[in-house]
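Enquirer:
Residue numbers (the numbering used here): 1321 to 1637.
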């Protein structure tokens, strides 16, 4: 179908003048559950803030946790707090007020920060896997390779490397012509539901989103996979059973967090469009933005004797 230039110009003008806000449907299909869901998500958000906040504090003040592993863990916990704070306060406000309206600019800002922090989280998980690889596979060189300067540089790179790409991706998404319904069948502003509302060919932007996901999701995941294949191979060669158990225990927590985050995120962004449903996207989006940050402190504290000991020293005070 070929449209005239005049029609396109009119449509473009109409879209840019009309679309000043979106309506996030969220859980509007469960009107009687709004209060209950508000309570549940408020408790979850507080657990995320308190749990990850405690990890940040103990990794900063406990002398026994002044190692690269816990330096990265403290930064990861801070990142989790920032990541959930992009979506949770807004979602809680919508559940409390029963309004889902969000301005065009606010939606763009939320999407941009969500992607920047999501990319940083993927990269930081890869850095944490590399740290475990050096610690187990090159123990004699570990203090030299993972010195404080290198650790800081790796964290900074993880935070900033995705910024220009994600800003450009957000610009491309919100530069689309939106027409018709302004309702986002989602719990926050995100690419899949936004692209659904576009009234133009979205093939190029969908390819761009998938390429960005491959770079910042799959590539770090492959690096993590390679690191842990090497780690497991090295561990299996250790003569001592206790040594193997200790090595496995230090890696299992990180692997569990990786599995939770990458598994749900990949399903949302890398699943073929024909197989996606609004309900499944909501569930998995909530999963990687809620469950992973909530269980991160529990996974690391319950499976780590050093963290438990540090918490015991801190909490009585």
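Positions of the beta carbon are idealized from the N, C-alpha and C atoms, including for glycine.
1) Would the region 1419-1434 and the region 1616-1629 be scored as touching if the rule is three or more Cβ pairs under 8 Å?
2) Per the DSSP calculation, residue 1461 is bridged to which residue(s)?
3) Is it buried or exposed, residue 1441, if we count other Cβ atoms within 10 angstroms and call 16 or more buried?
4) Would residue 1551 and residue 1519 be called neighbours here (beta carbons separated by less than 8 Å)?
5) Given this structure, state the Cα-to-Cα distance separating residue 1389 from residue 1451, to the nearest angstrom.
6) Around the Cβ of residue 1321, are there at least 16 other Cβ atoms within 10 angstroms (buried) or fewer (exposed)?
7) Please report how far the alpha carbon of residue 1365 lies from the alpha carbon of residue 1557, in whole angstroms.
8) Do residue 1630 and residue 1385 count as a contact pair if the criterion is CB distance below 8 Å?
9) Please return the same chain residues whose Cβ sits closer than 8 Å to the Cβ of residue 1361, not counting the five positions on each side in sequence.
10) Between the alpha carbons of residue 1575 and residue 1503, how many angstroms are there, rounded?
11) By Cβ distance below 6 Å, which residues in the same chain neighbour residue 1443 in space, the five residues on each side in sequence not counted?
12) Assuming residue 1437 and residue 1402 form a contact by the criterion Cβ under 8 Å, report the distance between their Cβ atoms to the nearest whole angstrom.
13) For residue 1504, which three-state DSSP category applies?
14) CB residue 1377 to CB residue 1634, shorter than 8 Å?
15) On the CB-based measure, 16 or more other CB atoms within 10 Å of its CB, does residue 1445 come out buried or exposed?
16) May I have the straight-line CA-CA distance separating residue 1512 from residue 1488, to the nearest angstrom?
17) Whole angstroms is fine: what's the gap from residue 1456's alpha carbon to residue 1554's?
18) How long is the line joining the alpha carbons of residue 1508 and residue 1424, rounded to whole angstroms?
19) Assuming residue 1536 is part of the alpha helix (DSSP H), what are its boundary residues?
20) Could you tell me the alpha carbon to alpha carbon distance between residue 1613 and residue 1373, rounded to whole angstroms?
Expert: Taking the coordinates as given:
1) no
2) Your numbering for residue 1461 matches position 141 in the chain shown. The partner list for residue 1461 (beta bridge, DSSP) is empty, contrary to what the question assumes.
3) Taking the first residue of the chain shown as position 1, residue 1441 is located at position 121. So residue 1441 ends up on the buried side.
4) Sequence index remark: in the chain shown, residue 1551 carries index 231 (1-based). Sequence index remark: in the chain shown, residue 1519 carries index 199 (1-based). No, these two residues do not count as a Cβ contact at 8 Å.
5) Taking the chain shown and counting its residues from 1, the one referred to as residue 1389 is at position 69. Taking the chain shown and counting its residues from 1, the one referred to as residue 1451 is at position 131. Going by the C-alpha atoms only, they are around 7 Å apart.
6) Taking the chain shown and counting its residues from 1, the one referred to as residue 1321 is at position 1. The predicted model places residue 1321 with a pLDDT of 33, which falls under 50 and marks its position as unreliable, so this point remains unresolved.
7) To locate residue 1365, count along the chain shown from 1; it is residue 45. To locate residue 1557, count along the chain shown from 1; it is residue 237. The straight-line gap separating the alpha-carbon atoms of residue 1365 and residue 1557 is approximately 42 Å.
8) Looking up residue 1385 in the chain shown gives position 65. Looking up residue 1630 in the chain shown gives position 310. In contact: residue 1385 and residue 1630 (Cβ atoms closer than 8 Å).
9) As a first step, residue 1361 is located in the chain shown; it is residue number 41 there, counting from the start. Closer than 8 Å at Cβ, skipping near neighbours: 1408, 1411, 1412, 1415 and 1610.
10) In the chain shown, counting from the first residue as 1, residue 1575 sits at position 255. In the chain shown, counting from the first residue as 1, residue 1503 sits at position 183. Straight through space, the alpha carbons of residue 1503 and residue 1575 are spaced by roughly 37 Å.
11) Taking the first residue of the chain shown as position 1, residue 1443 is located at position 123. For residue 1443, where only same-chain residues beyond five positions count, the Cβ hits under 6 Å are 1478 and 1540.
12) Within the chain shown, residue 1437 is the residue found at index 117, counting from 1. Within the chain shown, residue 1402 is the residue found at index 82, counting from 1. Right, their Cβ atoms sit about 6 Å apart.
13) Stepping through the chain shown from its first residue, residue 1504 is reached at position 184. Looking at residue 1504 - three-state DSSP - the assignment turns out to be strand.
14) Here residue 1377 is taken as the residue at index 57 of the chain shown, counted from 1. Here residue 1634 is taken as the residue at index 314 of the chain shown, counted from 1. Going by C-beta atoms, residue 1377 is nearer than 8 Å to residue 1634.
15) The count along the chain shown starts at 1 and reaches residue 1445 at position 125. Answer is buried; the Cβ neighbour count reaches 16.
16) As a working mapping, residue 1512 is identified with position 192 in the chain shown. As a working mapping, residue 1488 is identified with position 168 in the chain shown. Distance between the alpha carbons of residue 1512 and residue 1488: 16 Å.
17) One-based indexing of the chain shown puts residue 1456 at position 136. One-based indexing of the chain shown puts residue 1554 at position 234. Spanning the two alpha carbons is a distance of roughly 7 Å.
18) Along the chain shown, one-based indexing puts residue 1508 at 188. Along the chain shown, one-based indexing puts residue 1424 at 104. So the alpha carbons of these two residues sit roughly 13 Å apart.
19) Looking up residue 1536 in the chain shown gives position 216. Element bounds for residue 1536: n/a, residue is neither H nor E.
20) In the chain shown, the residue the question calls residue 1613 occupies position 293. In the chain shown, the residue the question calls residue 1373 occupies position 53. Spanning the two alpha carbons is a distance of roughly 11 Å.
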